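Input: a single structure, listed below in structure tokens.
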Amino acid sequence: MNLLRLLSLLISLSMSIFGLVPTTLSRAAFLQTSSVLVSLASNANEFQTDPRGFQYKVLDPGTPLASPLQRGQSVSCSYTLTLGGFEGGTAQKVDSSKGVLGDKPLKFPVGVGQVIKGWDYAVRDMSPGERRLLIIPPELGYGNNKMGGKIPASSTLYFDVTLTEVGKVPEFNQKQLDWLKEHPE
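Numbering-wise, the sequence shown is residues -19 to -1, 1 to 166 according to mature numbering (1 follows the signal peptide of the UniProt record, and there is no 0).
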């Protein structure tokens, strides 16, 4: 839903809630109501900053899980990685699970370092079907390292990610449990 449509809907809703019709609403009251609603609608489009250092915006909340994802739990994610912003404009598409032959989601155990830290953190908080835009700073991405000739050192990474599948919670042996204790997130 675009911002203008959302704003129009919110104004109409507020008018019906307060028993106002456009002909009885003074210009000052209309402008005041509109500015409050524009502010609310604008905030809905802003990115949230996670305390661990990445930013995200939920585009589709998906289906909530009964319990959070566990470290080591298998997940699959559909994604597109860009540099310089999100797709469109001057952003450079670097990698994607979506190719000529369709979508091939990336499957990995979450929270155990098989992907960059920013992904481990963000995906653990997601629900099946959830789609997010992620802004991952270099320290949660590839740091000062170049990657694959396409990603310069110290790059901020822009991901459009959808959690497509969640596997079973793994049963760890003692060696694996010890490793998890020695390597906290």
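Virtual Cβ for every residue (Gly too), placed ideally from N, Cα, C. The model shown is predicted, which means the values in this text are computed figures rather than measured ones.
(request) Confirm, please, whether the CB-CB distance from F35 to V56 is below 8 Å. (result) Here V56 is not near F35, since their CB atoms are 8 Å or more apart.
(request) Leaving out five residues on either side along the sequence, give the residues of the same chain with a beta carbon under 6 Å from the beta carbon of Q29. (result) Same-chain partners within the cutoff: Y37.
(message) By DSSP's criteria, F140 is part of a beta bridge. Which residues make up the other side?
(response) Looking at the DSSP assignment, F140 forms a beta bridge with L62 and L115.
(message) One question on the structure: do V75 and L87 come within less than 8 Å of each other, judged by their Cβ atoms?
(response) V75 places its beta carbon 8 Å or farther from that of L87.
(request) Report yes if the C-beta distance between L121 and D141 is below 8 Å; otherwise report no. (result) No, Cβ-Cβ distance for L121 and D141 is not below 8 Å.
(request) Determine the contact status of T143 and E111, defining contact as a CB-CB distance below 8 Å. (result) Contact flag set, yes.
(message) My output table needs one value for V150: the three-state DSSP class, helix, strand or coil.
(response) V150 sits in coil when the DSSP states are folded into three classes, being neither helix nor strand.
(message) Let's test the definition: count the other Cβ atoms within 10 Å of the Cβ of G53 and tell me whether it reaches 16, buried, or not, exposed.
(response) By the neighbour-count rule (16 or more Cβ atoms within 10 Å), G53 is buried.
(message) Quick check on DSSP: helix, strand or coil for V19?
(response) Per-residue confidence for V19 stands at a pLDDT of 42, beneath the threshold of 50, marking its modelled position as unreliable; the derived number appears in the next sentence. Three-state DSSP puts V19 in a helix.
(request) Starting from Q157, trace the alpha helix (DSSP H) both ways and give me its first and last residue. (result) Unbroken alpha helix (DSSP H) run through Q157: Q155 to E163.
(request) Taking D41 as part of the beta strand (DSSP E), name the residues at either end of that continuous run. (result) Note, D41: beta strand (DSSP E), Q36 to D41.
(message) For P45 and Q51, what's the separation of their Cα atoms in angstroms?
(response) C-alpha of P45 to C-alpha of Q51: approximately 14 Å in a straight line.
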